[in-house]
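Position 379 of the sequence shown, counted from 1, bears residue number 379 in our numbering, the numbering being contiguous throughout.
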Amino acid sequence: MQMPTAPLIDRSLPALVQGYSWLPSVLRERPDGVARTRVLGKPALVVRGPEAVRFFYDEGNVRRGGALPGPVLSTLFGHDAVHTLDGDAHRARKEFFLPLLRPDRIAGLVEHVTAVWDDAVRQWGEAEQTVLFDAASVVLTRGVCRWAGVPLGEDTEETKDLARDLVAMIDGFATAGPRHWRARRARSRQEQRFTQLIEDMRAGEAAAPDGSVLAAVCEHREADGELLHPHTAAVELLNVLRPTVAVCWFVAYTAHALHLQPGLRERLRGGGPAYATAFAHEVRRFYPFAPFLGGLAIRDLAWRGVSLPAGGMVLLDVFGQNHDEKLWGDPFVFRPERFLQHAVERDELVPQGGGEPRTGHRCPGEGLTIGLLEALALRLADLEYAVPGQDLRISLRRIPARVRSGFAVQDVRTTSERTPTPV
């Protein structure tokens, strides 16, 4: 094993300044894709590459329990979420999410969301200006709640309030200050709301639609056969709604890509399902979202000759892998055609984690994200709109990154009349 010859420097503070470039900078001079450092006072192994993804997701090497910092659980995932579990407990909890991977369930969600989108487009055409990031978050919130069986009145403000809270949980997970505290308040507010909803369902004071996500989370049992605690059930229900609404980041990124490369619009309109899928993959690869993933070493580990003691941190460089020249050739060029020329390998493209989604920690909602992004990218390509002067920069120091202006549009109109799908 390779042993360090000098004390390891703690790299925690540079993370706050460097953002997405933090771990790529640690690995810059490491052609083997592995480096040893120190983070939050712990020795840490920084890894990248398909083989490293498999190393990271091997439950004999790395555990997620105890690895996620409290501030992340208090904003993004929620305490006691599936993301904090390992082994049999993780697999039993994940049984709740697995039906969402079925093609018919994905298609159902897409139908609900696109029906809401098509209605909303008519309102955007009448508005002086529409910010796509914000508007898409409201569309996604209403669509996913209809699909999941979550009661949400027709009051637009109620939908906007829930959308703002779901966005805030994502927007404040990796920062200190106002964004973080806004995220904590949002999560506390919605966990209380959905805990009460679960309790009402179980008490027979309200009914969930048969076969709905809401019914499934009310009825789900842990590995010991016990029903989920109402608060935990609320956390997992939010872990369906929140990542669906996170697609608003990718909607704004899609508009950004179409604006910078107008020729992509015609390719999307005429390229068929294969090109729409390739486009969705390239948006997820090219634009920044998750910077890295972390876990704790179960035992003394060694990866490519670099050692790490039990309890040390293992950090998977997600952003760096999605922009690795060895994997992508021209990683900082937005080129959907790369996914027509090369099939997507499970552990190469990892914007939502790697490994096996059915048994491991890869996001089970990845298929939902791809399905929604394919459909909404096609609808964006079908729109005509003016892009007023605004700040379209995307700072890689901000986590999660986003188009600074949210991508504002004016004079929105469709190039072809769509009839919303009744759902």
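From the three backbone atoms N, C-alpha and C, an ideal C-beta is built for every residue, glycine too.
**Report entry** Sequence-distant residues of the same chain with beta carbon closer than 7 angstroms to H90, five excluded per side
**Finding:** V82
Report task. Would you kindly work out how many angstroms separate the C-alpha atoms of Y385 and K42, rounded to a whole number? Result -> 51 angstroms
Query raised in the report: In chain order, what residues of the same chain have a beta carbon less than 7 angstroms from the beta carbon of E325, not counting five sequence neighbours either side?
Result: P331
Query raised in the report: Going by DSSP, which residues form a beta bridge with M313?
Result: A44 and L296
Query raised in the report: Between the beta-carbon of V144 and the beta-carbon of T254, is there less than 7 angstroms?
Result: no
Query raised in the report: Which class does R413 belong to by DSSP, given the choice of helix, strand or coil?
Result: Three-state DSSP puts R413 in a strand.
Report task. Mark P388 as exposed unless 16 or more other C-beta atoms lie within 10 angstroms of its C-beta, in which case mark it buried. Result -> P388 is exposed by the Cβ-count criterion.
Query - T156, buried or exposed, once every other Cβ within 10 Å from all chains shown has been counted against 16 - result: exposed
**Report entry** As assigned by DSSP and simplified to three states, the class of D171
**Finding:** helix
**Report entry** V217 - containing alpha helix (DSSP H), residue span
**Finding:** V213 to E219
Query raised in the report: Can the beta-carbon of F407 be found closer than 7 angstroms to that of A168?
Result: Taking a C-beta distance under 7 angstroms as the contact criterion, F407 and A168 do not qualify as a contact pair.
Report task. May I ask which residues mark the beginning and end of the alpha helix (DSSP H) holding A92? Result -> G87 to K94
Requested in this report: Starting from L260, trace the alpha helix (DSSP H) both ways and give me its first and last residue.
Outcome: Per DSSP, L260 is one residue of the alpha helix (DSSP H) stretching across V247 to L260.
Query - Q123 versus H229: straight-line alpha-carbon distance, rounded - result: Roughly 41 angstroms between the two C-alpha positions.
Query raised in the report: Identify the residues that DSSP records as bridge partners of E384: which are they?
Result: R413
**Report entry** With 16 other Cβ atoms within 10 Å as the buried cut-off, status of G354
**Finding:** buried
Query - Contacts around R397, its chain only, beta-carbon distance under 6 angstroms, and the 5 residues preceding and following it disregarded - result: G19
Report task. For E266, count neighbouring Cβ atoms within 10 angstroms of its own Cβ and tell me buried if that reaches 16, exposed if not. Result -> Answer is exposed; the Cβ neighbour count stays below 16.
Query - Collapsed DSSP secondary structure at D58 in the structure displayed - result: coil
Query raised in the report: What are the start and end residues of the alpha helix (DSSP H) that includes L340?
Result: R338 to Q341 is the span of the alpha helix (DSSP H), which, as asked, contains L340.
Query raised in the report: A302 by DSSP, collapsed to three states: which one?
Result: strand
Query raised in the report: In terms of residues, what are the limits of the beta strand (DSSP E) holding T37?
Result: V34 to V39
Query raised in the report: Buried or exposed: E126, going by 16 or more other Cβ atoms within 10 Å of its Cβ?
Result: exposed
Query raised in the report: Straight-line CA distance for G311 to V39?
Result: Rounded to the nearest whole angstrom, the CA to CA distance from G311 to V39 is 12 angstroms.
Requested in this report: Count the other CB atoms, across all protein chains shown, that sit within 10 Å of the CB of Q427; report buried if there are 16 or more and exposed otherwise.
Outcome: Past the edges of the chain, shown from 1 to 423, lies residue 427, and the structure says nothing about it.
**Report entry** Range of the contiguous alpha helix (DSSP H) that encloses V113
**Finding:** P103 to E126
Query - First through last residue of the alpha helix (DSSP H) which encompasses D134 - result: First-last of the alpha helix (DSSP H) with D134: L132 to A148.
**Report entry** Alpha carbon of I399 to alpha carbon of L214, nearest angstrom
**Finding:** 31 angstroms
Query raised in the report: Nearest to D224 by alpha carbon, out of R93, L27, L260 and F133?
Result: R93
Query raised in the report: So, helix, strand or coil for M1, using DSSP?
Result: Here the model assigns M1 a pLDDT of 45, short of 50, so the residue's position is not dependable and the matter cannot be decided.
Report task. Would you mind stating whether F319 and P288 have Cβ atoms separated by less than 7 angstroms? Result -> yes
Query - Contacting residues, own chain, Cβ-Cβ under 6 angstroms from V131 (five flanking each side not counted) - result: G406 and A408
**Report entry** Residues that DSSP places opposite G353 in a beta bridge
**Finding:** P351
Query raised in the report: Can the beta-carbon of R54 be found less than 7 angstroms from the beta-carbon of L27?
Result: no
Query raised in the report: Could you give the residue range of the alpha helix (DSSP H) that holds I9?
Result: According to the DSSP assignment, I9 belongs to no alpha helix (DSSP H), since it is labelled neither H nor E.
Query raised in the report: Quick one: what's R63 bridged to in DSSP?
Result: According to DSSP, which records beta bridges pairwise, R63 is partnered with L296.
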